[in-house]
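Read in the numbering used here, the sequence shown has 36 at position 36, and its numbers run on one by one without any break. The C-beta atom is built at its ideal place from N, Cα and C for all residues, glycine as well.
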Amino acid sequence: MSDDAWQNSEELAFVPEQVEPMLTNVLAGVLANEIYEDSKVQGWIDSICEKSMDALTELRRPFKYIVTCMVLQKNGAGIHSAQSCFWDVSNDNCARVAYPLANKREVQDSRM
């Protein structure tokens, strides 16, 4: 598809609902049977970021992607995070995925 066709297409907009299930699958593939172990976190993060970027680029859309990942142990500790961006509100967007999904596991689960 030529650059002009992308410029005139509704497909130019990034729609988070299209990629969030794909990213959830990446997370499940890496973390599904894991128990939190500090020594494994860096490997999980590397794998999640690499596989997420691979899945996003396979969409062959004219976007630039930024993938970030945080892995936390649920132990009652707090976390503060912030991000800021300047973008075109008509085309750009952000997808966020938390894993595991809160409604799919019990609070007492010792995994992640």
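If we count the other Cβ atoms within 10 Å of its Cβ and call it buried at 16 or more, is residue i buried or exposed?
{"i": "L72", "result": "exposed"}
{"i": "I48", "result": "buried"}
{"i": "S52", "result": "buried"}
{"i": "E106", "result": "Because E106 sits at a pLDDT of 43, beneath the cut-off of 50, its placement in the model cannot be relied upon, and the point is left open."}
{"i": "L23", "result": "buried"}
{"i": "N8", "result": "For N8, the pLDDT reaches just 47, beneath the cut-off of 50, and the residue's location in the model is therefore unreliable, although a value from the coordinates is still provided. Classification for N8: exposed."}
What is the rounded straight-line gap between the Cα of residue i and the Cα of residue j?
{"i": "M1", "j": "L59", "result": "In this prediction, M1 has a pLDDT of 49, which is less than 50 and means its spatial position is unreliable; nothing more can be read from the coordinates."}
{"i": "A77", "j": "R61", "result": "38 Å"}
{"i": "A28", "j": "D88", "result": "31 Å"}
{"i": "C85", "j": "G43", "result": "28 Å"}
{"i": "I79", "j": "T68", "result": "15 Å"}
{"i": "S81", "j": "L56", "result": "24 Å"}
{"i": "E37", "j": "L31", "result": "11 Å"}
{"i": "P100", "j": "L12", "result": "30 Å"}
{"i": "K64", "j": "P16", "result": "14 Å"}
{"i": "R111", "j": "S39", "result": "Low confidence applies here, because R111 scores a pLDDT of 46, under 50, leaving its location unreliable; read the following figure in that light. Those two C-alpha atoms are separated by around 15 Å."}
{"i": "I45", "j": "M70", "result": "7 Å"}
{"i": "Q83", "j": "N93", "result": "13 Å"}
{"i": "V41", "j": "I66", "result": "20 Å"}
{"i": "V26", "j": "D54", "result": "10 Å"}
{"i": "I35", "j": "Q18", "result": "29 Å"}
Please say whether residue j and residue i have beta carbons closer to each other than 8 Å?
{"i": "A95", "j": "E20", "result": "yes"}
{"i": "N91", "j": "F14", "result": "yes"}
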